[in-house]
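Final position of the sequence shown in numbering that gives the first Met the number 0 is 173; the numbers increase by one with none missing. Virtual Cβ for every residue (Gly too), placed ideally from N, Cα, C. Scroll down for the structure; my scribbles are underneath it.
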Amino acid sequence: MAILEILEYPDPRLRQASLPVEDFDDGIGKLADDLIETLHASSAIGLSAPQVDARLRMLVMDHSPDRSRPELYINPQVLARSRFGFVEERCLSVPDVVAHVIRATRIKVRAFDRQGASFERELDGMPAVCLQHEMDHFDGKLLVDRINWFKRRRLRAAIAKARRAGDEQSGVAA
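See below:
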């Protein structure tokens with residue numbers, strides 16, 4: 000198992016669409032294990048394959064208090080959504096940003112496990128919100144796309160300023 004590098008906004012690879020998993024082979028099992036290890040090495044509760052530059056529709060979540068029960072969802076599809084409300088979200092690919100977005104807080108999802116067996120689950124609260132957030136990454140949608148234009152503009156300016164400061168410290172001419 001390995002801890003993988005997490006892509007950060009505005010990396011253009013985060014905008015690429017992901018493909019469904021078709022072969023449930025050892026490579027998918029290894030990627031699942033690496034995603035879980037990477038998730039557990041972070042402070043997050045969810046991680047999608049596109050965030051580590053794997054263009055596949057798979058994600059992991061772990062909402063257990065001791066982070067001992069990771070869940071893997073391959074090719075997830077939301078079958079039903081209800082109880083919409085404002086929720087607070089963060090993203091490993093957009094560090095230091097907190098946004099309040101509208102999401103369903105109850106969903107029914109169908110997905111596959113690492114052996115290719117289909118399953119369905121009903122998720123409430125934060126697990127429901129997390130799964131939808133991670134699924135956004137499959138289509139190149141980021142948390143910054145869910146915030147208003149003014150906050151997005153301020154975020155871009157802050158990133159540009161941080162880059163300029165980093166370039167100056169490393170001796171790179173702007």
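Cβ distance (whole Å) where residue i is taken to contact residue j below 8 Å
| i | j | result |
| --- | --- | --- |
| ILE5 | LEU141 | Actually they do not touch by this definition, with Cβ atoms about 13 Å apart. |
| VAL51 | PRO75 | That belief does not hold up - the Cβ atoms of VAL51 and PRO75 are roughly 17 Å apart, past 8 Å. |
| SER81 | LEU55 | That belief does not hold up - the Cβ atoms of SER81 and LEU55 are roughly 28 Å apart, past 8 Å. |
| GLY139 | LEU13 | 7 Å |
| ALA40 | ILE73 | Their Cβ separation, rounded to whole angstroms, is 21 Å, which puts ALA40 and ILE73 out of contact at 8 Å. |
| HIS132 | GLU88 | 6 Å |
| HIS62 | PRO11 | Not confirmed; about 31 Å, so no contact. |
| ASP32 | MET0 | 5 Å |
Residue i in three-state terms, based on DSSP
| i | result |
| --- | --- |
| ALA173 | Bear in mind that a pLDDT of 43 at ALA173, under 50, signals an unreliable position, so the model cannot answer this. |
| LYS107 | strand |
| PRO11 | helix |
| GLU88 | strand |
| ALA16 | coil |
| ILE73 | strand |
| LEU79 | The sequence shown places Ala at residue 79, rather than the Leu named in the question. DSSP places ALA79 in strand when its eight states are reduced to three. |
| ASP95 | strand |
| LEU6 | coil |
| ASP61 | coil |
| MET134 | helix |
Pair within 9 Å by beta-carbon distance, residue i and residue j
| i | j | result |
| --- | --- | --- |
| VAL143 | LEU154 | yes |
| ILE146 | ALA98 | yes |
| ASP112 | LEU71 | yes |
| ILE35 | PRO69 | yes |
| LEU58 | ALA43 | no |
| VAL128 | ARG151 | no |
| GLU7 | VAL93 | yes |
| ASP135 | THR104 | no |
Per DSSP, cross-strand counterpart(s) of residue i
| i | result |
| --- | --- |
| VAL100 | VAL86 |
| GLU121 | LYS107 |
heavy atom of the ligand FAD below 8 Å from residue i C-beta
| i | result |
| --- | --- |
| ILE27 | Among the components of this structure there are no ligands whatsoever, and the ligand FAD is therefore not found. |
Open item on the list: At 3 residues or longer, what runs of the beta strand (DSSP E) sit wholly inside the stretch 21 to 55?
Closed with: 45 to 47
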